[in-house]
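All remarks here apply to the structure that follows.
Residue numbers (the numbering used here), protein chains in the order written: chain A, 1 to 405; chain B, 1001 to 1275.
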């Protein structure tokens, strides 16, 4: 891809268990801190899993009335904060009405979360379909005064990569001048904690929350739910160069496939996920051995982590033993719909700081997961090309390739 | 249908031209669902287990059978779907199930919640199920889930078709014409003369347009706000699309999408159609 038609990331906005700004998140990731703790905000005494990576308060963006912002649903707060932060970071905020700014967000269970929180407050909105007239991305477009196309997409934990792929096409098609793309999820709710818990997907290491998310470790016993989001400003390289914009990286390639096997379990056949990774590398025009860092999907489930290792071994061959790998879910928890977006951000951190964030709690690596782990401590390493895997319920496999500019 | 094709407008940069090689429309009452759940195997390929749709949402059942109908009615048995993409655009998926689950959660606590709620009532459930039933290994994802499901579904489909060199994309759209949750709260009320809840499923089988194709063509683009002549997304509803497709089977001119007619998705309000 030529420099003119390449799609660059020129702004970021984030709210995560490790911080609500890029710098805060980057510092905490590279310090190997855990954002996981006992769940706050509702009674978890009857839940099988009682821990999560939560956000305390979502900051009110400049220009919004704090009391009105505080009254909004937390998912809406999250979307407005991350989108406005990204636009400001990119330098587009004051000029956003002069151009077509599109918005495509990974949002997996928008209505379920909305109805649940309303019911918890004693409301009955779930029984009042006539109230449900406007989706989250439309609300965000209206409140942020954007004029481009909007869509919300979901492939469960792979949603963010689909959003980025859509955004890239929208720019290539000329549907928008700038696109906000990413994913947001405030899924640490009583119902979803119980739902995933009853699926036996969650860690029950309730007595030591910060040690519970341990991808690739022999003692892993499930994932830890997290909440938050990340949104990126995407624009053409030509546009970014014209205004001498700060550039975080190039969205160089993406690939997607489906297992067509099971709604919850990963396929025992690694080929569909391998195909997604190869498609992404091919899209970026890079050989597997050129990759400097792999941000693994690795959620800390016994089955999922080993499945991904098989995929990485097939795609990278012998290089899988020397390319540094980490799972930042060990620190953030699994942000579900928002996971891919936050992990793309972790890749940009690795590029900018030339340091790879670690997999913490990797005390006793599973012999079935023999990779080049960045275990427990960040590793200084030049990162020009990074891949981020994200797989999801529904059999979705996605891979993103990011290139330093 | 309120979305008029713009017959004279030529496709420009940013317009994605698709061939509609098949479509299916099903309208199912709650009573019609249980027997269909037992007959989930597709008309092509391998059969699925009898329990395949046991925990699926009603909208997923309607969407899947709309796909099957499209395969049957448009003789798509010879098409290899393995590398296609699937987009599922349900509308308020899982409302009634969640209402039940909230009640059960209140009565029994966390352990009373079904583990099937999350995988089968999230936005990706419809596309994931279709992908699994037809052994489709291309991308699958959910779109919108709300009132703009049809418009967002078409938009995302266009971007997927043009970008990923896929042989085709299934766009599956579903929703209740009257939400069953209304009866869940107050019970059936025959004196109100309400229509019974009907679940609608629409499946469009779309491929990149071929110049010599005799299929209906659907040209999609995203138009700037305020530009006259573009249909607004507000007019694009599941019900109007179903009516148009059903009418179009008998009379192709009803949709008027042949021969370069185009449908533009407009994002914003306050414009009117040009025809």
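All C-beta atoms in this analysis are idealised placements derived from N, C-alpha and C, irrespective of residue type, glycine included. No experiment lies behind these values; they were computed from the predicted model shown.
| Item | Value |
| --- | --- |
| Would you give the residue range spanned by the alpha helix (DSSP H) that residue 192(A) belongs to? | 190-198 |
| Please decide whether residue 373(A) counts as near chain B, where near means a Cβ-Cβ distance under 8 Å. | no |
| Which residues in chain D have a C-beta closer than 7 Å to the C-beta of residue 1121(B)? List them in chain order. | Protein chains A and B are contained in the structure displayed, whereas chain D is not. |
| Which partner residues of residue 251(A) appear in the DSSP bridge assignment? | 402(A) |
| Using Cβ-Cβ distances below 7 Å, what residues of the segment 191-219 of chain A are close to chain B? | 191, 192, 194, 195, 196, 197, 198, 199 |
| Assuming residue 1200(B) contacts residue 1242(B) under a Cβ cut-off of 8 Å, what Cβ separation, rounded to an integer in Å, is found between them? | 6 Å |
| Determine the closest residue to residue 1046(B) out of 1061(B), 1138(B), 1066(B), 1082(B), with distance taken between C-alpha atoms. | 1082(B) |
| Out of curiosity, what's the CA-to-CA distance linking residue 1091(B) and residue 155(A)? | 16 Å |
| Cα separation between residue 313(A) and residue 48(A)? | 34 Å |
| Okay, do the segment 152-166 of chain A and the segment 201-209 of chain A touch, 3+ Cβ pairs below 8 Å being the bar? | no |
| Using a Cβ cut-off of 8 Å (strictly closer), state whether residue 145(A) contacts chain B. | no |
| Measure from the alpha carbon of residue 1073(B) to the alpha carbon of each residue in 1237(B), 1238(B), 1129(B), 1021(B), then state which is nearest. | 1021(B) |
| Checking contacts by CB at 8 Å: is residue 177(A) closer than that to chain B? | no |
| Determine the closest residue to residue 65(A) out of 53(A), 54(A), 81(A), 52(A), with distance taken between C-alpha atoms. | 81(A) |
| For the segment 1122-1148 of chain B, which residues have a beta carbon sitting closer than 8 Å to at least one beta carbon of chain A? | 1122, 1123, 1124, 1125, 1127, 1128, 1129, 1131, 1132, 1134, 1135, 1136, 1137, 1138, 1139, 1140, 1141, 1142, 1143, 1144, 1145, 1146, 1147, 1148 |
| For residue 1153(B), count neighbouring C-beta atoms within 10 Å of its own C-beta (all shown protein chains included) and say buried if the count is 16 or more, exposed if not. | buried |
| Starting from residue 294(A), trace the beta strand (DSSP E) in both directions and tell me its first and last residue. | 293-295 |
| Using 8 Å as the threshold, is the C-beta distance between residue 50(A) and residue 36(A) below it? | no |
| Between 1118(B), 1024(B), 1140(B), 1057(B), which has its C-alpha nearest residue 1244(B)'s C-alpha? | 1024(B) |
| Using 8 Å as the threshold, is the C-beta distance between residue 180(A) and residue 60(A) below it? | no |
| Please say whether residue 191(A) and residue 116(A) have beta carbons closer to each other than 8 Å? | yes |
| Using a Cβ-Cβ distance cut-off of 8 Å, determine whether residue 1229(B) contacts chain A. | Because the pLDDT of residue 1229(B) is 43, which lies under 50, any placement of that residue in the model is unreliable, and the number read from its coordinates should be weighed accordingly. Closer than 8 Å: no. |
| Considering just the uninterrupted stretch of the beta strand (DSSP E) at residue 1173(B), what are its terminal residues? | 1169-1176 |
| On the DSSP bridge list, what partners appear for residue 380(A)? | 355(A) |
| Nearest chain B C-beta to residue 263(A) closer than 8 Å, yes or no? | yes |
| Taking DSSP as the reference, what is the three-state secondary structure of residue 217(A)? | strand |
| Can you check which of these residues, 392(A), 383(A), 282(A), 287(A), is closest to residue 334(A) by C-alpha distance? | 392(A) |
| Listing by chain order, which chain B residues have their CB less than 9 Å from the CB of residue 155(A)? | 1123, 1124, 1127, 1128, 1139, 1140, 1141, 1142 |
| Leaving out the 5 sequence neighbours to the left and right, which residues in its chain are closer than 7 Å to residue 319(A) when beta-carbon positions are compared? | 288, 289 |
| Please identify, using Cβ separations under 9 Å, the residues of the segment 316-336 of chain A that lie next to chain B, in order along the chain. | none |
| Please list, in chain order, the chain B residues whose beta carbon lies closer than 7 Å to that of residue 166(A). | 1156, 1159 |
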